Structures are given as C-alpha cells and as structure tokens.
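**Q**
2 protein chains.
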Amino acid sequence: MKNIETMIENFKKIARSKGMKITPQRVAIYRELVSRHDHPSAEDIYDALKGKFAGISLATVYRTLTSLENAGLAMKVATVNGVARFDGKITPHSHFICKVCGRVIDIDCEVNVETEKLKKYNFSVEKCEIIYYGVCDKCQN
Amino acid sequence: MKNIETMIENFKKIARSKGMKITPQRVAIYRELVSRHDHPSAEDIYDALKGKFAGISLATVYRTLTSLENAGLAMKVATVNGVARFDGKITPHSHFICKVCGRVIDIDCEVNVETEKLKKYNFSVEKCEIIYYGVCDKCQN
DNA sequence: GTTTTTGCAAACGCTTTGCACGTAG
DNA sequence: CTACGTGCAAAGCGTTTGCAAAAAC
C-alpha cells in the first residue's frame, strides 16, 4: 500500500461502505496524513492545508481524524506535550518519541510478547502499543 | 518495597536529598499513591484526601505528582480519556487499559525486545512503555 | 530569617460542540 | 431533496500558573 493514489481509492471505498460522504476536505486531510511520515497533529495537518484550501477549518480536521479512526483508516499513535499525533499507517508497528524535539519515529523492531502469560488475566486483548522514549540522533549533538 | 511506612521513609530521604521540603500534603499524597494499585488520577487522589485533609487543593496534588516524577518516585503511566494516571510503582512493568471501564491494570508479563535492532537508529533509548488495550474480565459480561 | 510550598482563582491550550449554511449522493 | 459535513465561534475540561499567605528548615 505504498502508492498514495491507491490508498486514496481504498479510503474512498471504505468510507463509502461506512456511509461516509467523500468531501474534498476529507480527501485532502487523508492525503496529507498518508503522504507524510512525521505523525502530524491535527494542527500540523491544518497548517499544511490552509494554504491550498481556502477556509478549511481546524474543527473539520479534528472531526475527520476521528472519522478516519472509526473507519480503521488512521490511528492516534501518541500524545506529545499534550498534543495528539496521528498516523495513516495502520499496520502494527512501534514508535520512538524524542523527549527533546518531540519527533515521533516509526520503529519496525520485532517484539516477542509472551501472550501465553497474558491469558491468566482473562482479558480480551485487542491491541499492544509499544513506545520507546529517549533522545533521537539529531538531538544528541 | 512492600511496606508502606518503609516506602514513606524512603520518599522522605530521597525528597530531602533533592532539596524538597517534607510537607504533610506531600506525605499524604505519596501515601495515597503507593497505597492503592488502581493508578489514580490527580483528581482521584484529591478526592480521597480532601475528606481527611481540610483545604488541600487540586493544584497541590498536581504539583506534588510532578515533583514525585522528577524525583523518580512516581510515574505518569497512562492517559485514559484525556486524564493522566499515576503509579507509585516505579519498577519496570506493563499495563492493560480496559476501553470500557478505563481501568489500568499492572501486567507482569515478560517481553523480549530486540534491542539489538534498535541500535541501527542511533537513538538513546531510556524507557520502553508497553500498553495493552482491550476489554477487562469484569466488562466482558 | 530565608526559601520553598500551599491554596485560591484565573489562565491556558488542546479538543469538542451547537448552530446555520453548504454540499454529496 | 435529504442527510450528512463544514465553518465559525464559543464552550469544555484537564492541567498549569501568578500571587500573597503559610510552613519547612
């Protein structure tokens, strides 16, 4: 799913199947989200779009991100300094958060979770989120 | 470190060594935090204390939790529905968050992280946070 | 006595929401 | 034509902060 246009077609198909309407705003927000890999905040997306898109509102970005989450097309992957960060990559992967610059970086490192031992809790586990914290390469001087 | 009074003595020692003053509020907040294992929010602690402690303020609870974090005596372990949750247990462990009731539960399940592969990123990794999401035993009916 | 901490209330900042208008289907 | 989405501004809400009084050391 690397081709952006393919992803947008997929988005339209899924959105329609969920009864969502395909608006120019939604397409633009989804395109922006999947085009970049810095896990933007709602405001990041808003800032990137307001130049090309007269009158787009921050509220619409928030509402669209929530819709995308509900449709399984996006995820809130972290909260850095009180600001939610989103990802259009929905395949399982981990993240590293730099406590200096706040960058959120994808980590494709394998993790072996002893899920056998988790069974004793009798929980229905749906998701496992792994976040590493530290200082990124650029911030180490 | 199971004995509460022992933990409080340890807290006083560390706090003093960091130049912090030992106030009745701080002792009460720390005691409340380490006495319970439900990962309370600042408001949970405030609610539990305001009965026994005339005039304690929510701001003091927030400030104390921040001080405890800085002293390495507590941690913000999760944010559930926009509310930060704290833990006085600072040894490494994971958490399960029930998306129905919002409970945060300690998980002492081993995880083998392939830290070797992390090295290629040239990050200085200080912490690894693992959170499982799903539905807890009580909420499954 | 000096410095830190507290309580109160106000301020903050991200996010959500009510409403009238616009637009997709 | 009807239901859903949008823009705007206002409201929400957890958390932080300024300040004078109080307490720790």
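Chains as they are written, first to last, in the numbering used here: chain G, 440 to 580; chain L, 440 to 580.
Backbone N, C-alpha and C fix where the C-beta goes; we use that ideal spot for every residue, glycine too.
These figures come from a predicted structure and were not determined experimentally.
With distances taken between CB atoms, is the gap from lysine 577 of chain L to cysteine 548 of chain L smaller than 9 Å?
**A** Residue 577 of chain L sits at position 138 when you count from the first residue of the second sequence. Residue 548 of chain L sits at position 109 when you count from the first residue of the second sequence. In this structure, cysteine 548 of chain L does not lie closer than 9 Å to lysine 577 of chain L by Cβ.
**Q** Against chain L, does lysine 538 of chain G count as a neighbour if the rule is that its beta carbon must be under 9 Å from one of theirs?
**A** The residue given as residue 538 of chain G occupies position 99 in the first sequence. Yes - at least one Cβ of chain L is within 9 Å of the one on lysine 538 of chain G.
**Q** Return helix, strand or coil for cysteine 540 of chain L, following the three-state DSSP convention.
**A** To locate residue 540 of chain L, count along the second sequence from 1; it is residue 101. Coil, per DSSP.
**Q** With DSSP run on the structure shown, which of helix, strand or coil describes phenylalanine 492 of chain L?
**A** Within the second sequence, the letter at position 53 stands for residue 492 of chain L. In this structure, phenylalanine 492 of chain L counts as coil in the three-state DSSP scheme.
**Q** With 8 Å as the C-beta to C-beta threshold (strictly closer), list the residues of the segment 556-575 of chain L near chain G in chain order.
**A** Hits within the stretch, in order: Lys556, Leu557, Tyr560, Asn561, Phe562, Ser563, Val564, Glu565, Lys566, Cys567, Glu568, Ile569, Ile570, Tyr571, Tyr572, Gly573, Val574 and Cys575.
**Q** Using alpha carbons as the reference points, say which of G:Ile544, G:Ala454 and G:Gly494 lies closest to leucine 504 of chain G.
**A** For this step, residue 504 of chain G is matched to residue 65 along the first sequence. The candidate whose alpha carbon is nearest that of leucine 504 of chain G is G:Ala454.
**Q** Would you mind telling me which residues of chain G sit closer than 9 Å to phenylalanine 535 of chain L, beta carbon to beta carbon, in chain order?
**A** Counting from 1 along the second sequence, the entry for residue 535 of chain L is found at position 96. The contacting residues are Leu557, Tyr560, Phe562 and Val564.
**Q** Based on DSSP bridge pairs, tell me the residues matched to histidine 534 of chain G.
**A** Residue 534 of chain G sits at position 95 when you count from the first residue of the first sequence. Paired residue(s): G:Asp545 and G:Ile570.
**Q** Exposed or buried, what is glycine 511 of chain L when buried is set at 16 or more other beta-carbons lying within 10 Å of its beta-carbon?
**A** Position 72 of the second sequence, counted from the first residue, corresponds to residue 511 of chain L. Exposed: under 16 other Cβ atoms inside 10 Å.
**Q** With 9 Å as the C-beta to C-beta threshold (strictly closer), list the residues of the segment 444-469 of chain L near chain G in chain order.
**A** Cβ contacts with chain G come from no residue of the segment 444-469 of chain L.
**Q** Which residues of chain G have a Cβ atom closer than 8 Å to the Cβ of threonine 530 of chain L, listed in chain order?
**A** Position 91 of the second sequence, counted from the start, is the residue given in the question as residue 530 of chain L. Near threonine 530 of chain L there are no residues of chain G at all, since even the closest Cβ is about 17 Å away, more than 8 Å.
**Q** So what's aspartate 483 of chain L in DSSP terms, helix, strand or just coil?
**A** As a position in the second sequence, residue 483 of chain L is number 44, starting the count at 1. Here aspartate 483 of chain L sits in helix by DSSP.
**Q** Please confirm if the segment 443-451 of chain G is in contact with the segment 491-502 of chain G, defined as three or more CB-CB distances below 8 Å between the two stretches.
**A** Touching, no.
**Q** Name the chain L residues that come within less than 7 Å of threonine 518 of chain G, Cβ to Cβ?
**A** Residue numbering aside, residue 518 of chain G sits at position 79 when the first sequence is read from its first letter. What threonine 518 of chain G touches in chain L: Thr518.
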